[in-house]
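The next block holds one structure in the form of structure tokens; read it before the comments.
Structure (structure tokens):
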């Protein structure tokens with residue numbers, strides 16, 4: 013038996029192939045990409061669906077429109093991922109899920125005929141001046157088709173009462189209509205009523221908003237159609253509307269921005285706090301995280317680049333923890349409080365209208381602790397000029413560069429690799445019976461007189477066979493000792509996660525025992 017001794021072995025060297033770790037190829041998932049080098053891996057976790065696993069493997073989703081005109085008909089199309097969008101020059105816009113279709117068209121506005129002159133720009137198609145001063149804009153996103161009516165200047169001849177904007181629709185594809193909203197250029201917003209009646213989508217527009225003295229044009233009306241959450245990540249905010257009683261409202265997967273601070277409305281202000289729940293299933297449980305950073309776009313509704321204050325903090329729960337209930341203080345209220353009362357990871361005041369790269373190393377311990385649940389959540393709170401709102405680009409922002417990205421650098425340290433090797437041995441055919449030895453010195457001389465020596469992390473024996481294991485961490489080198497037939501079995505590797513070490517050690521023993 014082998015107990016804290018030097019083992020001396022003679023024989024012909026059998027070269028062990030495939031055991032030395034190499035730089036890994038880039039791996040992909042729907043919301044992540046991973047690149048490993050040596051002991052370290054870097055994973056970019058995206059808040060949105062960035063990649064699609066098609067017939068030729070993983071590819072980056074191309075959200076842009078391109079000209080697909082045919083048979084004398086002008087049309088613009090996207091590629092076909094979760095759905096495909098097609099828009100033509102008469103204002104008919106369709107989304108297809110396989111053979112199922114959802115088609116909408118605006119036939120008139122304020123009793124006037126509408127004109128359609130399409131213009132494409134990346135993932136957006138615009139029909140400019142459908143009536144003077146009004147544009148109709150569609151934006152293709154991986155899980156929704158964003159629709160906006162942009163009123164660039166005060167309209168002449170508005171009715172005295174609220175009026176309806178009506179889209180005709182057809183088809184049976186499973187899209188929903190999100191809650192609609194109207195906002196001015198300074199972020200002053202009001203919720204809108206909408207209904208679906210037969211083959212019509214009807215959005216009611218408040219004339220009082222359009223005529224209000226505080227409203228700054230352009231004004232945007234948003235009745236987006238939605239394919240549903242992709243479960244990539246949840247982002248959103250909860251706002252508290254003061255009154256008797258106080259109410260707390262949750263806004264999930266907001267179009268464009270996560271709102272923080274005081275959101276202006278015609279009826280007063282709403283105090284908002286935000287949250288992002290990251291899907292981190294791409295990072296193996298037990299990984300040791302060396303660096304954690306967050307990229308977000310930070311802006312305000314104001315013109316210019318006023319200084320903003322942003323706080324990011326620990327979350328005890330996430331959007332699934334708290335019931336979507338407006339009662340004080342339950343459900344959304346508890347969610348709202350959780351967004352700003354945890355350990356502060358980051359706080360800074362800086363000029364807005366910026367893509368900000370934020371060091372979240374203070375969150376590493378909490379992040380590592382969240383890996384077994386595959387969800388990591390952070391809360392957001394912010395303001396500028398004390399009582400005005402701050403906006404963070406959401407996962408549904410039309411600009412890809414404004415969507416949140418979490419970057420994680422991880423590996424396995426020496427202590428964890430030892431534990432992983434032991435776990436792999438335990439679950440192998442020799443585990444649970446034979447003792448595991450630590451820091452074993454092995455000396456091997458081949459028939460040509462070549463000498464090999466080295467100290468291995470773990471070793472185990474069964475009959476006349478021995479398996480020795482060495483996991484190489486930063487600052488260490490490979491021993492490069494060869495195996496000797498199936499008598500001495502040498503395993504060395506690096507750039508693996510905890511679970512990968514366990515599986516490889518178990519498989520190596522099971523594959524070499526006789």
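Numbering (the numbering used here), first residue to last: 13 to 526. For glycine and all other residues, C-beta sits at the position ideal for the given N, C-alpha and C.
| Asked | Found |
| --- | --- |
| Assuming residue 223 is part of the alpha helix (DSSP H), what are its boundary residues? | 219-223 |
| Please state whether DSSP places residue 407 in a helix, a strand or coil. | coil |
| Along the chain, where does the alpha helix (DSSP H) containing residue 67 start, and where does it finish? | Counting along the chain, residue 67 falls outside any alpha helix (DSSP H), and DSSP gives it neither H nor E. |
| Would you call the CB atoms of residue 262 and residue 344 closer than 8 angstroms? | yes |
| Between the beta-carbon of residue 99 and the beta-carbon of residue 87, is there less than 8 angstroms? | yes |
| Check whether the stretch 332-339 and the stretch 404-417 are in contact - that is, three or more C-beta pairs closer than 8 angstroms. | no |
| Mind checking which residues open and close the alpha helix (DSSP H) that includes residue 345? | 344-350 |
| Using DSSP with H/G/I as helix, E/B as strand and the rest coil, what is residue 389? | strand |
| Assign residue 522 to one of three DSSP states: helix, strand, or coil. | helix |
| Cα separation between residue 495 and residue 38? | 30 angstroms |
| What residue does the beta strand (DSSP E) around residue 359 start on, and which one ends it? | 356-363 |
| For residue 475, I'd like the list of residues in its chain whose CB is within less than 8 angstroms of its CB, leaving aside the five on either flank, ordered along the chain. | none |
| Please confirm whether residue 372 has its beta-carbon closer than 8 angstroms to some beta-carbon of chain C. | Judged by its chain identifiers, the structure shown contains no chain C, having just a single protein chain. |
| In angstroms with no decimal places, state the Cα-to-Cα distance between residue 457 and residue 246. | 59 angstroms |
| Taking the continuous alpha helix (DSSP H) assigned at residue 381, which residues delimit it? | 376-382 |
| Spatial neighbours of residue 433 within its chain, please: CB distance less than 7 angstroms, with the 5 preceding and 5 following residues excluded, ordered by chain position. | 469, 470, 481, 483, 513 and 517 |
| For residue 125 and residue 54, I'd like the C-alpha separation in whole angstroms. | 54 angstroms |
| Taking only three categories from DSSP, how would you classify residue 204? | coil |
| Around the Cβ of residue 386, are there at least 16 other Cβ atoms within 10 angstroms (buried) or fewer (exposed)? | exposed |
| Work out the CA separation of residue 416 and residue 137 for me, nearest whole Å. | 24 angstroms |
| Thinking C-beta only, is residue 166 closer than 8 angstroms to residue 73? | no |
| Roughly how far, in whole angstroms, is the beta-carbon of residue 227 from the beta-carbon of residue 204, given that I think they are within contact range, below 8 angstroms? | Not really, about 14 angstroms apart at Cβ, beyond 8 angstroms. |
| Determine, using beta carbons only, whether residue 314 and residue 354 come nearer to each other than 8 angstroms. | no |
| Verify whether the separation of the beta carbon atoms of residue 91 and residue 185 is less than 8 angstroms. | no |
| Cβ atoms of residue 399 and residue 356: under 8 angstroms apart, would you say? | no |
| Identify every run of the beta strand (DSSP E) within the stretch 177-203, keeping only runs that are complete inside it and at least 3 residues long; order them along the chain. | 193-195 and 201-203 |
| Drop a sphere of 10 angstroms on the beta-carbon of residue 236, count the other beta-carbons inside from all chains shown, and report buried for 16 or more, exposed for fewer. | buried |
| Decide if residue 497 is buried, meaning its Cβ has at least 16 other Cβ atoms within 10 Å, or exposed. | exposed |
| Report, in whole angstroms, the separation of the C-beta atoms of residue 189 and residue 208, which I expect to be a contact under 8 angstroms. | 6 angstroms |
| In three-state DSSP terms, what is residue 163? | strand |
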